[in-house]
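Just below is one structure, and these are the notes that go with it.
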Amino acid sequence: MSETSAASLAMRTLARKVTRKWWLFLIVPVVSMGVAVAYIKTTAKQYQVTGVMLMSNTKRNNFGASGEEFIKGVSYLNSSSGLEDEVSVLMSFTNMLNTVQQLDIGITYYEKKNFLEHEIYENKPFVVRLDTGLQVSGALIHVEPNMSAGTYRVWAKGKFVQMFNAGLQRPSDQFIRKLELDKTVKIGEPFHSPYLNFSITFDPGYTTLSGASYSFVPASNTDVASYYRDKTSATPKSDESNIVTIATAGGDTKKEMDFINTLMQTYIKGEQDKQNEKGKKTIAFIDDQLDR
């Protein structure tokens, strides 16, 4: 048999095999489309939010220094590192932690409907206040109110769940190997368990969506500050600019906007406090010299 005949026979054989499995060519695109639609329908959207901040009124040149300092021969590296130092202070853990404490975002609330779960920031069906002491951290706590019966059910499941000290707002080395919570309590009474203790206030004016479920995730301010520090960036607009663009992303644009605005305000207040302290020390030094 010639090579041409062998190749032709192989092609016909392959064609017969493909023809027998023709239905696969119809099923695969349909299944792929279904998976893609399901992913879109069940995945919460993430939105990027940015803010702009002027760190200094002094214009920098391409070398990082102000033109006046560079002409005079003053080390331009100092000014370049000066902006970097300011950005470092802005993005420091201390500044992040102070921002989180002001916003009171240690507890995150969620609503789930039709398999789509999204964060609730402003209009919440209830507000949770944790007691001091050890609490579970990062676990999804489901809350099911029954207004007609005057009760609410709390349930949660998890493995190797970390704990944190709610009074000190710090993570703990302790963890729960297997978390299983399921308890019904009268509305108006606090919830108590070995791993989670809190009071809850339901909004009587909140309209609960049919088929929707609600939950919350507790975490320490320290963990939330670390989370925001990891996902937030601060970048100068150019080598000659002292304008910094601050960017972060999340499921609720209002929450991310509030975070960026409060982050900038916290930084400005901190710098103002530093300048005021320097002024007080300068006045105290002058007064001391005059008294001699």
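Take the position in the sequence shown, starting the count at 1, then add 2; the result is the number in my numbering.
Glycine included, every Cβ here is placed at the ideal spot set by N, Cα and C.
Small disclaimer: the values here were computed from a predicted structure and weren't measured.
Reference residue i; option with closest CA among the options
i: glycine 213; options: Leu56, Glu124 and Phe117; result: Phe117
i: leucine 265; options: Asp254, Thr250, Lys276 and Asn278; result: Thr250
i: glycine 252; options: Thr268, Thr110 and Asn223; result: Thr110
i: lysine 180; options: Thr186, Glu191 and Lys161; result: Lys161
Residue i burial status per 10 Å Cβ neighbour count (16 or more: buried)
i: glutamine 137; result: buried
i: proline 295; result: The requested residue 295 is not part of the displayed model; the chain covers only 3 to 294.
i: aspartate 290; result: exposed
i: lysine 257; result: buried
i: asparagine 80; result: Residue placement at asparagine 80 cannot be trusted, given a pLDDT of 40 that sits under 50; what the coordinates show is reported in the next sentence. Exposed is the call here.
i: glycine 108; result: buried
i: aspartate 184; result: exposed
i: proline 220; result: buried
i: methionine 165; result: buried
Residues near residue i by beta carbon distance below 8 Å, same chain, minus five either side
i: alanine 227; result: Phe95, Met98, Leu99, Thr101 and Val102
i: arginine 231; result: Met93, Phe95 and Met98
i: glutamate 70; result: Residue placement at glutamate 70 is poorly supported in this model, since its pLDDT is 48, which falls under 50; the coordinates are not used for a value here.
Delimiting residues of the beta strand (DSSP E) encompassing residue i
i: glutamate 146; result: 143-148
i: histidine 194; result: No beta strand (DSSP E) contains histidine 194, which DSSP labels as neither H nor E.
i: alanine 249; result: 245-252
Close Cβ partners of residue i (< 7 Å) along its chain, the five nearest in sequence each way excluded
i: valine 246; result: Met55, Met57, Val89, Ala236, Thr237 and Pro238
i: threonine 203; result: Phe128 and Val129
Enclosing alpha helix (DSSP H) for residue i [first to last residue]
i: serine 228; result: 223-233
i: leucine 99; result: 95-105
Residue i in three-state terms, based on DSSP
i: aspartate 87; result: helix
i: lysine 257; result: helix
i: methionine 165; result: strand
i: glutamine 171; result: coil
i: alanine 40; result: Note that alanine 40 scores 48 on pLDDT, short of 50, meaning its location in the model is unreliable; the coordinates nonetheless yield the value given after this. Of the three classes helix, strand and coil, the one that applies to alanine 40 here is helix, per DSSP.
Neighbourhood of residue i by C-beta, 6 Å cutoff - its chain only, sequence neighbours within 5 removed
i: serine 215; result: Lys114
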